[in-house]
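Chains as they are written, first to last, in the numbering used here: chain G, 18 to 644; chain A, 18 to 357; chain R, 63 to 162; chain U, 1122 to 1291.
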Amino acid sequence: MEWLLLLCVLSPAVGCIINGLFGRWTYRAAGVIGSTFLGISFALAIPLIIYAIQGHIIDYDYYHWIISGKLDVPFGLRLDSLSAMMLGVVTFVSFMIHIYSIGYMGGHKGYARFFAYLNLFVFAMLLLCMGNNYLTLFIGWEGVGFCSYILIGYYYEKKTAADAGRKAFVTTRIGDVGFTIGILFIILYFGSVKFTDIFPQAHILPPMIATIITLALFFGATGKSAQFPLYVWLPDAMEGPTPVSALIHAATMVTAGVYMVARSAPLYALSPTGSLVVASIGAFTAFFAATMALTHFDLKRILAYSTISQIGYMMIGVGVGAYWTGMFHLMTHAFFKALLFLSAGAVMHAMHGILDMRLMGGLRHKMPQTCAVMIIASLAIAGIPPLSGFFSKDHILGEALMLGHPIIWMVGVITAFMTAYYMFRMVFFTFFGESRVPEGLHPHEAPNVMLVPLWVLAVGSIVVGAIFGIKMHGHIPIEHFISLTSPVAFPKVYEVNESLLIIISIVAGVLGIAVAWLSYIPKWAPKWRSWFVRTFHPLYRCCFNLWWVDEVYNCLFCRPFWHVSERFLWKVVDDKLIDAGVDDVGRIAGLAGKAVRILQTGFINNYAYWVSAGALIVCGWYLLKIM
Amino acid sequence: MAMHVLTGVIKFIVAFAVLGIYALVMLWFERKALGFFQIRIGPKLVSSGLEGLLQPVADMLKSLWKEDIVPHRADKLVFWVAPVIGGMFPFAAALAMPFGPPIKIGGSYFYLSIVHVNVGILYILAALGLTSYSILSAGIAAGGNKYSLIGAQREVAQMVSYEVVMALALLNPILMARSLDLYEIVAAQSHHLWFVFYQPVAFVVFLICMFATAAIVPFDLPEAEQELVAGYNTEYSAMKMAMFPFGQFITVLVMSSLMVIFFLGGWTGPYWDGHPWILGFIWYWVKVLFFVFLFIWSWGTFPRYRYDQLMNMCWKILLPISVLNVLWTGFALIVHLPMI
Amino acid sequence: MQYYVPFLMVAFILFAVGAIGVLVRRNFFVVLMSLEIMINSAGLVFVILSYFSGTISGQVFFIFVAAVAASETAVGLAIAVLMYRVRHTVDVTEFSIMKR
Amino acid sequence: MTGIEACVFAIVSLMAIVGALGVVFCRNPYHSALWMVFSFVGIAGLFALLQAYFLTALQIIVYAGAIVVMIAFVMMTIDFRKVRGLSKFVPQWLWGLIISFGILIDLFILTSKMKIDVSQAGKNLAIAGSNTKALGMELFTSYLFPFEMVAVILLVALIGVVVLTKRGIK
């Protein structure tokens, strides 16, 4: 079974090697090859997940990777309920997106390269999820970071794409510093990085250290999962091809931080402070990103901010200690967010690359199927029962309230309202109303190879929540399943009427949709909108300009760094100290050379004299010693 | 010990005499055969009853009486040393050459070669390799004679090049017999077919190298009369001059015997299973003399190669073929390919 | 006196004579030949010690020494030919292109 | 050493040393080459005395038959009068002599200080009476990798020489 697991993880790597090395000759087959290897991976994942559902755990060290003193880092994989869930989600969603990409990327430059990158990304992601120690996880972590860099910069000839890739890379790297510090602390205190060594004896940690470790790890997660201080890379990451956005920046990679926090549950359980920080940052990010999404006109950027917001939700879930809710939302979100991005991709495909919603409208006649799946996904994310988003979001909010965080609950509910609003604003703007499509563009329905994954994901978006989230036989299946690995950390504080909570969240969702409908569909909607904008002008400006976060970062960090680098590091340190020092060294060497040059006659036999005289002296000295 | 020394001395004297007589007879036979090929009579007047058999003796006497010319600018010592080396080293090579099958006396064998060492083939190759000094010396000592110099250069380059290929060709039978001892190589062929049937490529390569290292006709570039007058021995005369062909004849004999020992089963042959010793002896000499005759035959038959053709053939054709052949032989021996 | 001493003495004398040749001769070819003698005497020491200590490794090393000597000679001769082409002499004291 | 061996030793070592002196002190480099062959034959005799029969043949084939021939041949290809017309010694010849004698004395003292366990002398040098076989077994088992490396060295030298001397290689 452990070899099956290894095969499952390595299968995408094989695809990557084939497409990467022989891409020149695979031509059109590249997409099929890449998808096939991912299909193999998915097929192998099914028995593994069933195995995990039966309650088995695989934890196997394939070989010893680093042995240094007492530290022994194996290359090992672990299959338990948490990673089994991730395995299922990652392989399934990636498989769908691969199939979609065959159609979407058809005819693009570097077709084989694209699939090689995608496969490599899935390989890294599987390594991240399946690793049985923090260093293997870290390799996957860095691997997905690298893959996101090359995939965002996939159109590397375009300056914005290359810049966005670099921004993503550097920003997540800032977070990785924190992650590395966390791992080093773990090595310091446990002498091992294996989960099975760390978690059973986690209670020996002093609370202070536990807080430091959890905060350091979470700082890594903020980078990778685009949480508050470090989320800025994700909207820019939309420069990459749409399947990349769907795969990396919605469904899988950005949730790595959530997975990591859930995986480190025994550590977070030790530190209420750390957990509270996670939950607070999650709540703040959820709200903050939602406000940014309210006024945007760029289709993919709205989705990007919504992703940040939804990951904020997950962070609330894992932060308050109910890890299963975060993971559950991760799973449902993977389905509907992938669906949203892919249908946005279909729209973009139809509109020949246009993403500005002001140039769309009335597309439901042109592409009815895309419109249908888009509405399904929007309903799901807005939290309308019985679609999947409803269950997971409701569980998160309910647990947050019950575990004693009413403010976070409040923020969550308001965010839910805003989510519903901006999602349906997008839907109405794009698919309803009058057509604002420019002359000469003829939007059309996407080809079947793209539509089939869309519908599969749509079905998933509808049913997944209901299957796993409805209470059966006295317990919720997903709660039971995830809690095998990461049980709920903190005791309940309040007893709340669950029906009331459900009603409140449904009302928030419906209200959001209603407001969106009122603002865009009726005849008098434009007037109403302009009145609103005039009245709440400062607020609107803030939202529209994304709270000037990029500018603030620019002034706070980039400019000073740039000035220090130029004025001090370059002009003073480099020119005056280092270069001058190097010059002096060279001058000294030159002088020494002038002195020694007397010996360097250029005549071979003179050299021979020196060599043999040296031999004579060494030999004589040796003789004197032994005498 | 004394017995060994005594037999050694006797063997040496006998071999010296035999080789000397062989050279003289060879000289006569060569002339007669060449005459026959060219539809003329050849030497006849001296001892007319014996078809001019004593002609070489007369020639030798003439050489002894002739004026021994040493060029003024010649390097006297080297000029004198060159023919000595030229006669001596082929003779030294011939010392390790078997003159017939070993004679079984009591429980031990009596070997018909003056030195019997278990690295016999290496000894012969070493001695033949040193022969090139005679030509080098002859070329350099001639005091700036261009013909001598160019002839010597050609011959030495040719010999050194073809010795490489020759050693590679001989490596195949050595590998198959797993010995460097000439007698054991023959013994290895007495149990099954001769090595020529397993190693036809090596046989052909060695045949070509045999002509080239002895500088016999299709490859007698060093002495190409039309271009070089007489090559490295242009300036030589009298007895010194005679030493070079003497060495060459002995080289031919040694080469033929190597050919017979390595590829044609030495003294093994039909109707011989070891005990009528004389039959093995006859088989051996019949084969050897056939190859000696082959040399003269080619002498009278073939036109001469051009020098670049000669070198190209060595380095671009024979060497790769030989290397591949050795690889194949090694492979076949490792996987125990069945002997046919 | 041990009875391996004369053998070693011969090897060392050869080495010293070769060293003299390398150091005092002007002719590049003679220098090369003297170098060969030095190398060969080193190989001789290998063989001598192989015999007297009863291990065959020394003889193996002589094979390596011979191979290295052969390649060294080949390269040396190539240099000689090049030098002759450039300077029209094989005098080692003329081989310097510095101080001119 | 028995009497005969001592005699042979005296002869061959004298050959080797006289040959070496001849190499160093001959004015004519071709004479040096011939003396060198003489010296190498003497060293080959020493090898035979030391029961290294394969190396005896190797010494003559490789050193006398190939290396010296190569040197003499190259001497021939370039103008021999220029090769011969050199004055013999470098100006600093005295220092060379002093250094060489110093090395010789060093080595002699070293020899006198040296202790070798001669209890195994002359053993293990042959398998079933064949020195070649013993040598081959050792060479192709313990020293296989160095042997391959030597092959690489020869190849490198071969290519290097061709590149050095060939005109007009780009």
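Idealized CB from N, CA, C, for every residue including glycine.
Treat the numbers as computed from the prediction; the structure is a model and nothing was measured.
Residue i and residue j: beta carbons closer than 7 angstroms?
i         : j         : result
Leu380/G  : Pro470/G  : no
Ala75/A   : Val87/A   : no
Val343/A  : Leu188/A  : yes
Ala181/G  : Ile167/G  : no
Ile12/A   : Tyr1184/U : Because chain A in this structure spans residues 18 to 357, residue 12/A falls outside the shown range and cannot be described.
Asn36/G   : Phe132/G  : yes
Thr342/G  : Gly334/G  : yes
Trp294/A  : Ile120/A  : yes
Gly192/G  : Phe236/G  : yes
Pro1214/U : Val86/R   : Reading the sequence as shown, one finds Trp at residue 1214/U and not Pro. Yes, the Cβ-Cβ distance between Trp1214/U and Val86/R is below 7 angstroms.
Val1129/U : Met1157/U : no
Tyr206/G  : Ala282/G  : no
Taking C-beta pairs closer than 9 angstroms, name the residues in chain G that residue i reaches, listed in chain order.
i         : result
Ala140/R  : In chain order: nothing, as chain G lies at least about 15 angstroms away.
Leu1231/U : Cys636, Tyr639, Leu640, Ile643
Specify the secondary structure class of residue i as computed by DSSP and reduced to three states.
i         : result
Pro190/A  : helix
Met43/A   : helix
Pro403/G  : coil
Tyr626/G  : helix
Phe507/G  : coil
Met309/G  : helix
Gly286/A  : strand
Lys87/G   : coil
Trp82/G   : strand
Lys211/G  : strand
Lys304/A  : helix
Phe116/A  : coil
Tyr77/G   : strand
Lys1244/U : coil
Tyr126/A  : strand
Ile488/G  : The amino acid at residue 488/G is misidentified as Ile; the sequence shows Lys. If DSSP states are grouped into helix, strand and coil, Lys488/G belongs with coil.
Got a sec? Which residues, its chain only, sit under 8 angstroms from residue i by beta carbon, not counting five neighbours each side?
i        : result
Leu38/G  : none
Val473/G : Met113
Gln206/A : Ala194, Phe212, Gly282, Gly283, Thr285
Kindly list, in the order they appear in chain R, the residues whose Cβ is closer than 9 angstroms to that of residue i.
i         : result
Glu1259/U : Thr117, Ile118, Ser119, Gln121, Val122
Tyr626/G  : Leu85
Phe1222/U : Ala78, Ile82
Val1243/U : In the sequence as presented, Val is not what sits at residue 1243/U; that position holds Gly. Correct list: Tyr113, Phe114, Gly116.
Taking 6 angstroms as the limit between beta carbons, can you name the residues of its chain near residue i, skipping five residues before and five after?
i       : result
Ile34/G : none
So which residues of chain A does residue i contact, with C-beta pairs closer than 8 angstroms?
i         : result
Thr1198/U : Gln170
Give the interface partners of residue i over in chain U, defined as CB-CB distance under 7 angstroms, in chain order.
i        : result
Leu616/G : Those do not exist, as Leu616/G stays about 14 angstroms from chain U at its closest Cβ, beyond 7 angstroms.
Leu144/R : Leu1285, Thr1286
Going along chain R in order, which residues have a C-beta closer than 8 angstroms to the C-beta of residue i?
i         : result
Phe620/G  : Val154, Thr155, Phe157, Ser158
Val1190/U : The contacting residues do not exist; Val1190/U stays about 11 angstroms from chain R at best.
Going by beta carbon distance, what residues of the same chain come within less than 7 angstroms of residue i, once the five residues before and after it are set aside?
i        : result
Gly138/R : Leu94
Tyr77/G  : Glu19, Gly93, Leu94
Ser100/G : Cys146, Met147
Met183/A : Phe223, Cys226, Thr230
Using a C-beta to C-beta distance shorter than 8 angstroms, which residues of chain G count as neighbours of residue i?
i         : result
Gly1186/U : Chain G residues near Gly1186/U: none, gap ~28 angstroms exceeds 8 angstroms.
Asp1227/U : Leu633, Cys636, Gly637, Leu640
So residue i and residue j are in contact, right, with Cβ under 8 angstroms, and what is the actual spacing, rounded?
i        : j        : result
Gly406/G : Ile398/G : 5 angstroms
Ala113/A : Gly137/A : 5 angstroms
Going along chain U in order, which residues have a C-beta closer than 8 angstroms to the C-beta of residue i?
i        : result
Ile265/G : The contacting residues do not exist; Ile265/G stays about 48 angstroms from chain U at best.
List, in chain order, every chain A residue whose beta-carbon is nearer than 9 angstroms to that of residue i.
i         : result
Thr1253/U : Asn135, Val136, Leu139, Ser196, Leu197
Just the chain R side, please: which residues come within less than 7 angstroms of residue i by C-beta, in chain order?
i         : result
Ile1125/U : In chain order: nothing, as chain R lies at least about 15 angstroms away.
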